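Residue numbers (the numbering used here), protein chains in the order written: chain E, 8 to 496; chain G, 17 to 245.
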């Protein structure tokens, strides 16, 4: 009888029921869409951060190079200072050095951090820059051209040509921990490293670098003048600046930095542990620069940042306003409907129906409208999310220089100049800072509907139905049977 | 069955109270047919509502089988209405979205009667008022007389002790009025019900053994020759 009565009553007030359900559906659809857009923005932010930061990383630990250390890359061409090689002599030199601005420190630091409470995974990395210069000595040293910012450049004609190139190399743990610059999940061709690769001459190259240099699994890539076999191709996110990954042990050996790393990538057990772990790390390593993903996210600017602001501010309030309006309309319509049924409820009470049963009947109607509104709203939410994903422009993100340089995220490329025996120093000959600084990272905004938001939608729908039903039911319950019958009498 | 002692009912509202009943004393015997008459707005319906536990007196007591209806809590009153009292209203008060049979079944819902038994009892009640063939019709598809028959079936389906009818023929034409009066009288006679009928209709009042006259809230009893069952 409950469902028969409920169904017939809703059918009798079909237009009103449709208005109530559709109002709730619009509000709920907006919540689902905004949640999906928000999730899309977060995913985009994660992609941006990932490209700079590494998969699954909650914080990175680096150490800034102290003043007076590091300095420009120096190529040694033999002979003592002041002795100029003969004109026409060909040369080619490689140099594998830590990323400028970053200090290296003992790899045992990673092990120490892994022992901290709240830390779930840790991996050490060594960010390096492989630079190569080749050409022919002229009568008066190097020609003046060719020091551009491109990864490879040359000058032709007189003076003699000089070719310069550089690419970034990262030493990574051969056993994937699910955290760091490269994880097994990013390998699209070939394989990730194994523990047997620790000191093997093998490499994984980024797909963009592989395409640029026609590399595939089985090819070789030269790092510090040594040929390494490509065992895998990794699809790195847009904005990633690392070209080649090699086992950490091999990287340390080639760079002459045995037992050294430049970054520790840390994953914590829960978001609430981030601050505690950060504090602990800073306590036991006072010289460390600890950068959390939140720190980095604050440095993100550009349309992605604007979209994030839009989703969290305007979108959220719009959804809340729409929901409140929908709830209000639903409640008013329910109360209006109940006020026209006072005689009916008075009759039911005269027949012995308890107030609780009458209230349950009215609330059942409200709840049904809420559920219908929720289902339709979820459908609208999916449609809205598809529209957002389909029509949203590609967003760009630029990371502020403070984060990019102070954090020392892997992949920063720099080739700050050369110093040549007898030729003097040429500071600023060419520089290629972190790609994120010079080229904004482009990300396509998606709007994936989250299971959580579906749960929220159902919850809101039920709440909306109950609120609307409760107000109507309260109106139905507060009158005694005689008063209800008198209302129409 | 009923014993009303010094019953008054006052409605407080919009600053000025209205006295609907004042110092009413009345007894109603089991199986009696009592007609309540009087001008409009003089307290007839209020008296019926007090007898049916739909309202509480402002003063005095309304005893039904020894229980003071004014002192029962709302749930107990609901249970009593569900089991002991059957109501018939002038405007029928059928639920417009439910069929005739479903309207009758509504009266059995608070008694927690199972679906199957509920349906069969509703059908039997409709057959008793000669509406078996109209069980699946909505109220809007029935004439006024037929709707009142459905309302009577709804009142009787739970086998009440008392049938309280408020102007049952007020909305009917003469032919239908006689039809409904005959039906109510027949049911009263056959079932041994206590029947209290509020009516303007002298034809109805003539069938009652006693007539309660209400004027300005005061009740007087006029005995007539007892109506035979």
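Here a beta-carbon is modelled for each residue, glycine too, at the ideal position from N, C-alpha and C.
Owing to the predicted nature of the structure, the values given are computational and were not obtained by experimental measurement.
To the nearest angstrom, how far is it from the Cα of residue i to the Cα of residue j?
| i | j | result |
| --- | --- | --- |
| residue 199 of chain E | residue 222 of chain E | 16 Å |
| residue 327 of chain E | residue 482 of chain E | 26 Å |
| residue 333 of chain E | residue 44 of chain E | 21 Å |
| residue 50 of chain G | residue 101 of chain G | 15 Å |
| residue 17 of chain E | residue 89 of chain G | 32 Å |
| residue 35 of chain G | residue 60 of chain G | 12 Å |
| residue 382 of chain E | residue 465 of chain E | 8 Å |
| residue 78 of chain G | residue 71 of chain G | 11 Å |
| residue 210 of chain G | residue 366 of chain E | 32 Å |
| residue 220 of chain G | residue 163 of chain G | 19 Å |
| residue 99 of chain G | residue 172 of chain G | 10 Å |
| residue 355 of chain E | residue 8 of chain E | 13 Å |
| residue 21 of chain G | residue 223 of chain G | 26 Å |
| residue 278 of chain E | residue 202 of chain E | 30 Å |
| residue 51 of chain E | residue 398 of chain E | 16 Å |
| residue 40 of chain G | residue 205 of chain G | 28 Å |
| residue 111 of chain G | residue 104 of chain G | 14 Å |
| residue 181 of chain G | residue 147 of chain G | 19 Å |
| residue 300 of chain E | residue 64 of chain E | 8 Å |
| residue 170 of chain G | residue 457 of chain E | 52 Å |
| residue 133 of chain E | residue 270 of chain E | 6 Å |
| residue 49 of chain E | residue 186 of chain E | 19 Å |
| residue 286 of chain E | residue 325 of chain E | 38 Å |
| residue 208 of chain G | residue 237 of chain G | 22 Å |
| residue 48 of chain G | residue 226 of chain G | 8 Å |
Spatial neighbours of residue i within its chain, please: CB distance less than 7 Å, with the 5 preceding and 5 following residues excluded, ordered by chain position.
| i | result |
| --- | --- |
| residue 23 of chain E | 340 and 344 |
| residue 141 of chain E | 98, 99 and 170 |
| residue 163 of chain E | Interpretation of residue 163 of chain E is limited by its pLDDT of 48, a score under 50 that renders its predicted location unreliable; no figure is taken from the coordinates. |
| residue 289 of chain E | 295 and 297 |
| residue 233 of chain E | 208 and 261 |
| residue 234 of chain G | 38 |
| residue 20 of chain E | 344 |
Between residue i and residue j, how many whole angstroms is the CB-CB distance? I'm expecting something under 8 Å.
| i | j | result |
| --- | --- | --- |
| residue 349 of chain E | residue 491 of chain E | 5 Å |
| residue 230 of chain G | residue 54 of chain G | 4 Å |
| residue 178 of chain G | residue 64 of chain G | That belief does not hold up - the Cβ atoms of residue 178 of chain G and residue 64 of chain G are roughly 10 Å apart, past 8 Å. |
| residue 395 of chain E | residue 36 of chain E | At roughly 12 Å, the Cβ-Cβ gap does not stay under 8 Å, so residue 395 of chain E and residue 36 of chain E are not in contact. |
| residue 380 of chain E | residue 473 of chain E | With 8 Å as the limit, residue 380 of chain E and residue 473 of chain E do not qualify as a contact, their Cβ atoms being about 12 Å apart. |
| residue 388 of chain E | residue 40 of chain E | 5 Å |
| residue 369 of chain E | residue 470 of chain E | No, residue 369 of chain E and residue 470 of chain E are not in contact; Cβ-Cβ is about 16 Å, not under 8 Å. |
Looking only at its own chain, which residues have a Cβ that is under 6 Å from the Cβ of residue i, when we skip the five neighbours before and after it?
| i | result |
| --- | --- |
| residue 114 of chain E | 131, 266 and 268 |
| residue 226 of chain E | 237 |
| residue 185 of chain G | 193, 196 and 217 |
| residue 121 of chain G | 134 and 138 |
| residue 353 of chain E | 488, 491 and 492 |
| residue 44 of chain G | 17, 18 and 50 |
| residue 256 of chain E | 205 and 206 |
So, for residue i: in the same chain, excluding its five sequence neighbours on each side, which residues have a beta-carbon less than 8 Å away from its beta-carbon?
| i | result |
| --- | --- |
| residue 199 of chain G | 145, 165 and 168 |
Could you check whether residue j and residue i sit closer than 8 Å to each other, using their CB atoms as the reference points?
| i | j | result |
| --- | --- | --- |
| residue 275 of chain E | residue 126 of chain E | yes |
| residue 261 of chain E | residue 111 of chain E | no |
| residue 97 of chain G | residue 358 of chain E | yes |
| residue 158 of chain G | residue 12 of chain E | no |
| residue 178 of chain E | residue 259 of chain E | yes |
| residue 127 of chain G | residue 161 of chain G | no |
| residue 241 of chain E | residue 214 of chain E | yes |
| residue 191 of chain G | residue 106 of chain G | no |
| residue 231 of chain E | residue 137 of chain E | yes |
| residue 57 of chain G | residue 24 of chain G | no |
| residue 175 of chain E | residue 248 of chain E | yes |
| residue 463 of chain E | residue 385 of chain E | no |
| residue 139 of chain E | residue 192 of chain E | no |
| residue 38 of chain E | residue 331 of chain E | no |
| residue 478 of chain E | residue 329 of chain E | no |
| residue 129 of chain E | residue 273 of chain E | yes |
| residue 174 of chain G | residue 93 of chain G | no |
- Task: Could you say if the segment 237-252 of chain E and the segment 97-115 of chain E meet the contact criterion of at least three C-beta pairs nearer than 8 Å?
- Result: Contact fails: fewer than three Cβ-Cβ distances are below 8 Å.
- Should the segment 359-379 of chain E be called in touch with the segment 26-46 of chain G, which here means at least 3 C-beta pairs below 8 Å? Inter-segment contact for the segment 359-379 of chain E and the segment 26-46 of chain G is absent: fewer than three beta-carbon pairs are separated by less than 8 Å.
- Cβ pair count under 8 Å reaching 3, the segment 146-158 of chain G against the segment 28-48 of chain E: The answer is no - the segment 28-48 of chain E does not touch the segment 146-158 of chain G, with fewer than three Cβ pairs under 8 Å.
- Task: Check whether the segment 235-243 of chain E touches the segment 202-220 of chain E, taking contact to mean three or more Cβ pairs, one atom from each stretch, closer than 8 Å.
- Result: Yes, the segment 235-243 of chain E is in contact with the segment 202-220 of chain E.
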